[in-house]
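Taking the working numbering, the leading residue of the sequence shown gets 481, the next gets one more, and so forth. These notes are about the structure you will find just below.
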Amino acid sequence: MKLSTKLTLFITGSKLVIVLLFVLALPFLVKQIASEYTNYTLKQQRKKVLDIVKKNGTDYYFQGEDNYGSYTMLKEEFIALLPVESSLSMDTIKNSQRLIERDTLNYRVLSYTFKDKNKNYLLEIGKTTASINQYNKPLQRFALYVLIILIGLTILIDLTFIRVLIRPLAKIIKTKLINRKFPFKDGQKRVQTSTTDFKYLDESLILLMSQINEAFYKEREFTSNASHELMTPISILQNKMENLLTDETLDEPSSMAIIEMMKTVDRLKNITKSLLLISRIENEQYIRKEQVKPLLLFNEIVEEISHRLEEKHIQIFINVSAEAILEGVNKDLLFQLFFNLIHNAIKFNRNNGEIFITDNYLNNGTYEIMITDTGIGIPKADLPFVFNRFMKTNLEGDVGYGLGLAIVKSIAMYHQIQINVQSEIGEGTTFKIVFPAMY
481 MKLSTKLTLF ITGSKLVIVL LFVLALPFLV KQIASEYTNY TLKQQRKKVL DIVKKNGTDY
541 YFQGEDNYGS YTMLKEEFIA LLPVESSLSM DTIKNSQRLI ERDTLNYRVL SYTFKDKNKN
601 YLLEIGKTTA SINQYNKPLQ RFALYVLIIL IGLTILIDLT FIRVLIRPLA KIIKTKLINR
661 KFPFKDGQKR VQTSTTDFKY LDESLILLMS QINEAFYKER EFTSNASHEL MTPISILQNK
721 MENLLTDETL DEPSSMAIIE MMKTVDRLKN ITKSLLLISR IENEQYIRKE QVKPLLLFNE
781 IVEEISHRLE EKHIQIFINV SAEAILEGVN KDLLFQLFFN LIHNAIKFNR NNGEIFITDN
841 YLNNGTYEIM ITDTGIGIPK ADLPFVFNRF MKTNLEGDVG YGLGLAIVKS IAMYHQIQIN
901 VQSEIGEGTT FKIVFPAMY
């Protein structure tokens, strides 16, 4: 899972948890807010009453009566003022019941004692709890809507910030890791970022890629130089052995020994030539500007290798479109690629076996050639390594993989060709060569 996805899921999940907790706590919070607001309102009303008493005296309310009481039409609020004992002192706000015109109602009542002209008075101001709670549900809905909107905005802001934050990381992955072809030919540019961790990662990857490139080019240079230098002493050794065979005084056992040595030297020479070919391909010393018809190429290969087909009585069937043309390729290299594959299809085939060569245009515009044989097959454990240099296996004594398939892989990479192999033991092997759409 991507880092951005994980961060998005975490942020969204945490916000949902906050919403859930808020919804659970919302009734209590609203009730507390309503209660506190009611207390504040009652205190404000008390202040107004006391200001009037201070200015006009208690007679303003009593008007000749012993006490004063008043309530609204719906009995939602009331105010009461009466003289009390001088020892009584109160300053409370609490819920209590009051009997008003034979109705017992629940009120939140502020009770407060004060003195005026050396007399002690009790002031009570009340508000019904029903009128207080009637706004609870609308307040809860309003608070919930505001919370959801705020959560949505914060999620959008967080997601935007995450995208901006990890954009350098995505660029590092895209430019340094995804679909990179080795060797890394283009210069490694640093990704602009203010995040120290991303800078360190980018610089570490650039350093690592440079070291890999350097090691690769050194290996390639060594292979090229070694292969080239080995050709001269091998040729000299081969010529000296040929001269020795012309000596009339040489006995038969010595002649046989020299012939065996010449076979070994010849094998060494072929290996060196193959390594040199691979090195030249990797160094891009071949021009890819030719136009090749696969059908004609296969006919040339079959004509050259026909004696091998006859030796094992193998039939080859070519079903390749005569109109198919490959543009911008190197004919000699493609000849070598298909020659090696067909050579292997013969070498590892059974007597009286068959080889099938077919082609096909895929929906995405690519062109595919398949070479299938009825040979002994390749073990599944060996399939990932068949293109490795000097990789060999031995199923029935005469089977092995050397530099032939390594040359095939190098040619394929040079032409940006995709090559896949499928095989079953005892049933045969299929090589699929897929040319990109530009061909």
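Where is the CB? At the ideal position from N, CA and C, for every residue including glycine. From a predicted model like this one, the values you see are computed outputs, not experimental measurements.
Item	Value
Proximity of M570 and T593 at Cβ, strictly below 8 angstroms	yes
Spatial distance of M741 from F828 (CA atoms)	27 angstroms
Backbone CA spacing between E790 and G906 [nearest angstrom]	22 angstroms
Span of the beta strand (DSSP E), counted from its first residue to its last, around Q771	770 to 772
Own chain residues within Cβ distance below 7 angstroms of T854, not counting five before or after	N829, R830, G833, E834, G908
Start and end residues, alpha helix (DSSP H) containing P733	732 to 762
Stretch-stretch touch, CB-based, cutoff 8 angstroms, three pairs: the segment 626 to 636 with the segment 514 to 528	no
8 angstroms Cβ shell around D839 - same chain, five flanking residues per side excluded	P774, N799, V800, S801, A804, Y847, E848, I849, M850
4-residue-minimum alpha helix (DSSP H) runs that sit fully inside the segment 765 to 807, ordered along the chain	774 to 791
Contacts around Q902, its chain only, beta-carbon distance under 6 angstroms, and the 5 residues preceding and following it disregarded	T910
C-beta atoms of K912 and I899 nearer than 8 angstroms	yes
Straight-line Cα distance separating L489 from M481	11 angstroms
Under 8 angstroms between C-beta atoms of L561 and Y625	no
Outcome for H787 when other beta-carbon atoms lying within 10 angstroms are tallied against a minimum of 16	exposed
Beta carbon of L590 nearer than 8 angstroms to that of E581	no
Per-residue burial, S754 [other beta carbons within 10 Å of its own, 16 or more giving buried]	buried
Cβ-heavy atom distance, Q577 to the ligand FMN, below 7 angstroms	No copy of the ligand FMN appears in this structure; indeed no ligand is present at all.
Any beta strand (DSSP E) of 3 or more consecutive residues that is wholly inside the segment 805 to 880	806 to 809, 834 to 841, 847 to 853
Residues near Q816 in its chain [Cβ-Cβ closer than 7 angstroms; skip 5 each side]	I887, I891
CA-to-CA distance, D546 to Q512, given in whole angstroms	37 angstroms
Residues of its chain near A568, where Cβ-Cβ distance is below 8 angstroms and the 5 sequence neighbours each way are ignored	What sits at residue 568 in the sequence shown is Leu, not Ala. Answer for L568: T593, N600, L602, listed in chain order.
Per-residue burial, Y697 [other beta carbons within 10 Å of its own, 16 or more giving buried]	exposed
The beta strand (DSSP E) enclosing K607, as first and last residue numbers	599 to 608
For E770 and V809, believed in contact at Cβ under 8 angstroms, the rounded distance	6 angstroms
Q512, enclosing alpha helix (DSSP H) - first and last residue	483 to 536
Identified DSSP bridge partners for P563	Y601
CA nearest to the CA of E557, picked from K534, F542, K574, R588	R588
Exposure label - A825; buried when at least 16 CB within 10 Å	buried
Neighbourhood of L649 by C-beta, 6 angstroms cutoff - its chain only, sequence neighbours within 5 removed	F678
Assigned exposure category for T726 - 16 Cβ within 10 Å defines buried	exposed
Q620, enclosing beta strand (DSSP E) - first and last residue	No beta strand (DSSP E) contains Q620, which is instead part of the alpha helix (DSSP H) from 616 to 656.
Between the CA atoms of L883 and I751 - distance to the nearest angstrom	7 angstroms
Buried or exposed by the 16-neighbour rule on C-beta atoms within 10 Å, applied to S494	exposed
I532 vs Y540 beta-carbon contact at 8 angstroms	yes
C-beta atoms of D583 and G537 nearer than 8 angstroms	no
Contact set for T492: own chain, Cβ-Cβ below 7 angstroms, skip 5 residues either direction	I635
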